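J.: Protein chains in written order, with the numbering used here: chain F, 629 to 1005; chain D, 629 to 1005; chain V, 19 to 408; chain C, 19 to 408.
The beta-carbon is built from N, C-alpha and C at its ideal position, and this holds for glycine as well.
Note that the structure is a prediction, hence the values are computed from the model and not measured.
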Amino acid sequence: MDFRLSDDQRLLDDSASKYLAGQYSFDLYRKQLSDGIAFDSSRWSAMAELGWMALPFPESVGGFGGSLVDIQLIARRLGERLCTDPWLTCAILPGKLLEFVGTDSAKRLLADIAAGTARGAMAALETNGHYDPGLIATRVTESGDGIRLHGIKSVVFGAEYAHVLLVTARAQNGEAMLVAVPSTADGLTLNNYRVVDGSRASEVVLSGVRLPASAVLARGRVVIDAVKRAMDVANAAICADLLGAASAMLKRTQEYARTRKQFGVTIGSFQVIQHYLVDMFIETQQSESLVWMAGILGDTPDCADREQAISTAKAYISRSAVLVAQKSVQIHGGIGVTEELDIGHYFRRVTHHAQLFGDRDHHVQRYMACQQRDGKC
Amino acid sequence: MDFRLSDDQRLLDDSASKYLAGQYSFDLYRKQLSDGIAFDSSRWSAMAELGWMALPFPESVGGFGGSLVDIQLIARRLGERLCTDPWLTCAILPGKLLEFVGTDSAKRLLADIAAGTARGAMAALETNGHYDPGLIATRVTESGDGIRLHGIKSVVFGAEYAHVLLVTARAQNGEAMLVAVPSTADGLTLNNYRVVDGSRASEVVLSGVRLPASAVLARGRVVIDAVKRAMDVANAAICADLLGAASAMLKRTQEYARTRKQFGVTIGSFQVIQHYLVDMFIETQQSESLVWMAGILGDTPDCADREQAISTAKAYISRSAVLVAQKSVQIHGGIGVTEELDIGHYFRRVTHHAQLFGDRDHHVQRYMACQQRDGKC
Amino acid sequence: MNLEFTVEELAFQREVREWFTENVPASLKARSDNGQMPDKDEQHGWEQTLGKKGWLAVGWPAQHGGPGWTATQRYIFDLERARAGAPPASPFGVSMVGPVLYTFGSADQKKRHLTGIVSGDVHWCQGYSEPNSGSDLASLKTAAVRDGDHYVVNGQKIWTTQAHWADWCFCLVRTDPVVKQQQGISFLLIDMSTPGIEIRPIHSIDGHHHLNEVYFTDVRVPVENLVGSEGMGWTIAKFLLTHERTTIAGVADSKREIERLKQMLKDTKQGSGCRWDDAFARRRVAELEIDLAALEYTNFRTVAATEEGKGLGAESSGLKIKGTELQQAITQAMVELGGHLSLTWDNDEPVGNFAFNRTRERYNFLRAATIYGGTNEIQKNVIAKMLLGL
Amino acid sequence: MNLEFTVEELAFQREVREWFTENVPASLKARSDNGQMPDKDEQHGWEQTLGKKGWLAVGWPAQHGGPGWTATQRYIFDLERARAGAPPASPFGVSMVGPVLYTFGSADQKKRHLTGIVSGDVHWCQGYSEPNSGSDLASLKTAAVRDGDHYVVNGQKIWTTQAHWADWCFCLVRTDPVVKQQQGISFLLIDMSTPGIEIRPIHSIDGHHHLNEVYFTDVRVPVENLVGSEGMGWTIAKFLLTHERTTIAGVADSKREIERLKQMLKDTKQGSGCRWDDAFARRRVAELEIDLAALEYTNFRTVAATEEGKGLGAESSGLKIKGTELQQAITQAMVELGGHLSLTWDNDEPVGNFAFNRTRERYNFLRAATIYGGTNEIQKNVIAKMLLGL
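1. How long is the line joining the alpha carbons of Thr39 (chain C) and Trp177 (chain C), rounded to whole angstroms?
2. Rank D:Arg976, D:Val807, D:Ile971 by C-alpha distance to the C-alpha of Thr362 (chain C) and give the top, closest one.
3. Identify, in the order they occur along the chain, each residue of the same chain with its Cβ nearer than 6 Å to the Cβ of Val844 (chain F), setting aside the five sequence neighbours on each side.
4. Can you pull the chain F residues whose beta carbon is under 9 Å from the beta carbon of Val893 (chain D), in chain order?
5. Among D:Leu725, D:Glu677, D:Gly707, D:Arg658, which one has its Cα closest to the Cα of Phe685 (chain D)?
6. In angstroms with no decimal places, state the Cα-to-Cα distance between Arg101 (chain C) and Val965 (chain D).
7. Closer than 8 Å by C-beta to Trp680 (chain D): which residues in its own chain qualify, once you throw out the five before and the five after it? Chain order, please.
8. Could you tell me whether any Cβ in chain A is nearer than 9 Å to the Cβ of Gln899 (chain D)?
9. Go ahead and label Asn20 (chain V) buried or exposed: buried means 16 or more other beta carbons lie within 10 angstroms of its beta carbon, across all protein chains shown.
10. Can you grab the Cα-Cα spacing for the pair Gly134 (chain C) / Asp185 (chain C), in whole Å?
11. For Val34 (chain V), does the count of other Cβ atoms within 10 angstroms reach 16, so buried, or fall short, so exposed?
12. Using DSSP with H/G/I as helix, E/B as strand and the rest coil, what is Asn150 (chain C)?
13. Whole angstroms are fine: how far does the CA of Lys175 (chain V) sit from the CA of His228 (chain V)?
14. Using C-beta distances below 7 Å, list every residue in its chain close to Ala865 (chain D), excluding the 5 sequence neighbours before and after it, in chain order.
15. Skipping 5 residues on each side, what residues in its chain have a beta carbon closer than 6 Å to that of Trp252 (chain V)?
16. In the DSSP assignment, what are the bridge partners of Trp672 (chain F)?
17. Measure the beta-carbon distance from Tyr884 (chain D) to Ile938 (chain D) and round it to whole angstroms, keeping in mind my assumption that it falls under 8 Å.
18. Could you tell me which residues DSSP pairs with Glu216 (chain V) in its beta bridges?
19. For the beta strand (DSSP E) containing Phe728 (chain D), name the first residue and the last one.
20. Which residues in the same chain as Asp154 (chain V) place their Cβ atom closer than 6 Å to its Cβ, once the five residues preceding and following it in sequence are excluded?
21. As an exercise, report each continuous alpha helix (DSSP H) stretch of at least 4 residues that is fully enclosed by the segment 23-57 of chain C, in chain order.
22. Quick one: any contact between the segment 64-72 of chain V and the segment 237-244 of chain V, if contact means 3 or more CB pairs under 8 Å?
23. Output, in chain order, the set of chain D residues within a Cβ distance shorter than 8 Å of Lys340 (chain V).
24. Let's test the definition: count the other Cβ atoms within 10 Å of the Cβ of Lys942 (chain F) and tell me whether it reaches 16, buried, or not, exposed.
25. Restricting to runs no shorter than 4 residues, where is the alpha helix (DSSP H) found entirely within the segment 262-317 of chain V?
26. Could you tell me which residues DSSP pairs with Gly774 (chain F) in its beta bridges?
27. Any Cβ of chain F within less than 9 Å of the Cβ of Tyr146 (chain V)?
28. Using a threshold of 9 Å, state whether the C-beta atoms of Leu793 (chain F) and Val768 (chain F) are closer than that.
29. Determine the DSSP secondary structure at Glu967 (chain F), reduced to helix, strand or coil.
30. Relative to chain F, which residues along the segment 304-331 of chain C have a C-beta separation below 9 Å, given in chain order?
31. Kindly give me the distance between the Cβ atoms of Gly723 (chain D) and Leu706 (chain D), rounded to whole angstroms, as I take these residues to be in contact under 8 Å.
32. What does DSSP give as the partner residues of His168 (chain V) in its beta bridges?
33. Please name the residue or residues paired with Asn20 (chain V) in a DSSP beta bridge.
34. Could you have a look at Pro810 (chain F) and say whether DSSP puts it in helix, strand or coil?
35. Nearest to Asp927 (chain D) by alpha carbon, out of D:Gln983, D:Asp860, D:Tyr647?
36. Please give me, in chain order, every unbroken run of the alpha helix (DSSP H) with length at least 4 that falls completely inside the segment 886-929 of chain F.
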């Protein structure tokens, strides 16, 4: 057993930390928030140059063959810094979906994403599907020379910054398909809005979008399996993001308790505040343990092991990060519920990520399903 | 809305409180515990003279027509004093079962119980039935002149002090029956043991017990319905018992926190201990509110209203009394886990009553079932 | 013991319910059906509607312009108000400065101020907290120095809810900097249009503007605006803390919110069924309902004790703690049970069930519920003193 | 990062597992399958079996008679021990006084005492707490007054686990009543057969006798039984608190208990199915398993840090808090999920599933888990000091 980062990982972690410290800030975040923007093309290029887009993809598509832990290292730093750049949703998530789908056309698209020259977005969930990517009402009809898409994909993160949307739909016979829809396609409308962490998502309305048959990247069971696996990768990253955000909140709250005075003493001198901080500290420690567990055990095509590892981590961390966030606000008092201070923004980020691709309840239930299947998928 | 006790109720409450203060004590309780006894015939007679056996039964059988709240007033005092006398299990529970069954033979038996001359015990649950009185493996076979009983009724509280056991069984055609089995019947064996609160229960083994047909007190749906309703009465009393025990623990723990010194100060000066006590106090207050709610709204033959009221109260109080009990032990430290002090005994009593006839989990599920039926039974 | 309303109370309930059905504006109801708060015009318009009916200052005795209701009637009114989807009245006028004025105020002060509160025409805010005096209110520094017929006020208040909507502010100010903290504090009424007052908005994490900083620079306040005498401020503030407890637990709104959550789950499809089909979701709702029942009946006991004229002690102090915890738990369940539908923020068009889209607002807003009016930790300290006889 | 055991560690695990399978007495396993603790003969017999194999003092370096295992090996050993249904070794000899002696003891003390601990032949108890010195250990009063070649000990210890089973007791005693509290405390080894020692049993709420009061009246202890020098007692006590953390979280036993609970639910019929069919029961187990996973991987991190020779700070102090909370939560689930089967106490014959009949014992016993060795509240105070840099 070894929880040490490799030298490469330490370098990656350091560079992510330093890059964000230098190029991102709370003021920048707030400006983007008020402007309704969650993207910056120069930062995107810089991140690509740092290798963040290529990081976890196979060398055959120009990637660096990095691991899930590598993804988590960056995600944790993004969470720590409140960064809303759509690295996860426009590069890692669609990229992993393409990798897991594994067809030639998917790989060609993945190569562009890994190179940082294209951005994607996964359009898999729908309003009536809760977190289940198998519940698809969007229809694809095939005619001789092409296909048409009808339906609405819901809360598609990063869609407005994507060049291509990876849309799941069902054929008349019920078969699932993954379709690459260019953002410029006729009949495609994006209704964009802000989401809870300050980043952006869209309702993707497909009104008879016509595409050549080659737009179909994959069909059959592999589609839903790949979406689930990509969501598991995302959840491993989300756990790390939650850890980064919760750790930052704990650090700020410790500092606040050390310095804020009421009744002539620092509030950190009150035993109840001390015990709150200890509870938060312990939760953060335990969360970190499960982040790495998920990073290591979740990096496998075996769906039983993977689902159990990811759901264990997400079920635990989504609860504990929310507890840390709530206590941080409570200890800060009034200032904690304002837009002025970063604490309230971390609070929202934690709320968002705790239920992004499944909250505790969802993942406890998935864990139970894993147990009932007794290791089989 | 009025939460005041009537003058009669105040008298009843006072007399119960005074009687127990005078005739029962922690030393007596401990002596009975070590002797493996949970009954005293002179106290039983005294309680009968005080009218406790007749209290909640119709005047037509010699009762006083008292209410469910009246039962709760006594139960609360019993809980407050750790009293293990089988008043609830040998008088109220079997008596209410007979009252709800309502046949003539049941009423005759009830009259004896109300008079304090007979004691009963409800033998309804079985080892494979969890808390569901409908799950009955015990068989009754009918022949020309009588019946025979085969089976085992499980954890029958107060059985060894009962003159008659009220046994549920199923006929060959699946119909439920309630049978009065005299404690002297051939083929009846009681395996007696202590239960968690220090009182007594038995496995009731029926090895072909032969009885006249007149021993069948009732048959059909009324049997299970009456058992359920009697268990609801018991649960209203149990809630009050839990309140009495939890209030006593809170009082002792407040006193301990006021007087026990560590680090040169009373432990009540520590803010964390103070907040524990406040949480315990609030839980006790909220529990009391639901005790009276259950006493009033649970006193109805309408099963939907009754089940919702009882399950609301039991679900809440079984959790909160356990919390109070656990925190009381924790604040007392080492002395709290010994047999020397009453705190540990209250702790066991709360454990026991919290799951007697259904723990929180069971009652939350029953509450959900009430909600799903939308007021229908 | 008896948990039923009397015939008269039931008739009152019907009357109130009918009136609400007819008089709550559709726009107000639509907002609350989606868990949103009214804007200034809606809130003030609604309070004026209540004022015209004589149902705004519901806790006041008849001689001061209240309806003279019993505690039970006030409780019923609040239940029906929430059920109808109407917001609670802003507390600063009717629940706070009003009772202070009819209890401690001069005849002139009563004459000048009570009518405007009862009618809903004049709006108030509360100037208590300061940047370094949050939980430790007694350390406040805003100074009121006597200068002839005026006090000259200098200092800064913070967390002033609706200061930007208010005509008047009731303030705790320090009139004596020398004596022991609590003793130097006075209760002053300040016209918000007085020169020298600057309001700066504080934006909350629910995305809205409720709170403000209020700066006082040489603000001249006539001495007749002092309530009671100099140094009585702390006594008045303590009086307010133990006043009116029949609605502090927020039972009426929590009941409505749970009903709304159930409806939201039933209205939201999941595959061929709906979110309400999920037994674990139903269990979460059931556990909230059970907790709410405990709070509701504790509240009933407090209401009944009030009817009997009994003092309110630690028994009712738990209501605020449990009530705010439950409000937070309900909104958290709302956010979480909505799944990704709860993650949208500024969408104008519904994403699935619009009510889920807006759950975050109330969830974030209610984080303050365990902070304002004395944090729950401070409340527990106070109760502990009573319990331990300190 | 790597969570896999090495090939050598896996081989070690197989070896240990096989040995346990062959050597755990059936009676011991039967007891633990029902959640019961061993009696004195079983416990001591088992420790001697381990001692013969050289696997009793598993945390000790090889030069003092330990197996010289790595932290990972010790962790694996503990996992397999619990899995096999064997009880943990009594900590007083192998985990407490042993390490104290090989760290602070004289050559003579090592020679005299270590062998008996390693072999499981000599049993120890711990004389720390006193009636008025529980959480506040530094206020202890038991006096050891020098008289020639002896200390004369007078005083009373309490909560002395297994004093009635022990040959020796290691005691904190006050050798200097004048200096500041902590400074006057010394660490003394006392032969339990010395005249003047009286043991009185304390019965615990699980119905058993583990604890004792120990009275010392003019007990003469040879000066060579002082460990280190006079006044070093507090230093030694603190050393023990931070020693050996690889098993403090109780992960191995909690894993076994959860597996046992699952089996109990599967083995207990309910109608035509079993208790495991209840989705809410399964959920409760799942939530415990998830909490246990968090604890287990945190424990792994501590083990890995130990392997790297890193100091153990606040990171591992949470293990005791979370570990004991989880032990209590598991036993509470066991009691509650058994329904009325868990309410039986002294039945000899099974009432349904006998394992459920005995759940109450462990549940009651484990109430002490958050109290002994410093209450969890005291543990949190200590961690808070580190976090806040106090």
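T.: The answer reads as follows:
1. 34 Å
2. D:Arg976
3. Met805, Val807
4. Going along chain F, no residue has its Cβ under 9 Å from Val893 (chain D), so there is no contact; the nearest lies around 12 Å.
5. D:Leu725
6. 28 Å
7. Ala644, Ile702, Trp715, Ala719
8. Here the protein chains are F, D, V and C, and chain A is not one of them.
9. exposed
10. 11 Å
11. buried
12. coil
13. 14 Å
14. Ile699, Gln700, Ala703, Leu716, Ile720
15. Gln200, Ile203
16. Per DSSP, none; premise fails for Trp672 (chain F).
17. With 8 Å as the limit, Tyr884 (chain D) and Ile938 (chain D) do not qualify as a contact, their Cβ atoms being about 33 Å apart.
18. V:Tyr233
19. Element bounds for Phe728 (chain D): not the beta strand (DSSP E) but the alpha helix (DSSP H), 721-729.
20. none
21. 25-41, 44-51
22. no
23. Ile910, Gln914
24. buried
25. 269-285
26. F:Ser771, F:Pro840
27. no
28. no
29. coil
30. Ala304, Glu305, Glu307, Ile308, Asp309, Ala311, Ala312, Leu313, Glu314, Tyr315, Thr316, Asn317, Phe318, Arg319, Val321, Ala322, Ala323, Glu325, Glu326
31. That pair is no contact at about 16 Å.
32. V:Asp165, V:Pro240
33. D:Asp630
34. strand
35. D:Asp860
36. 899-925
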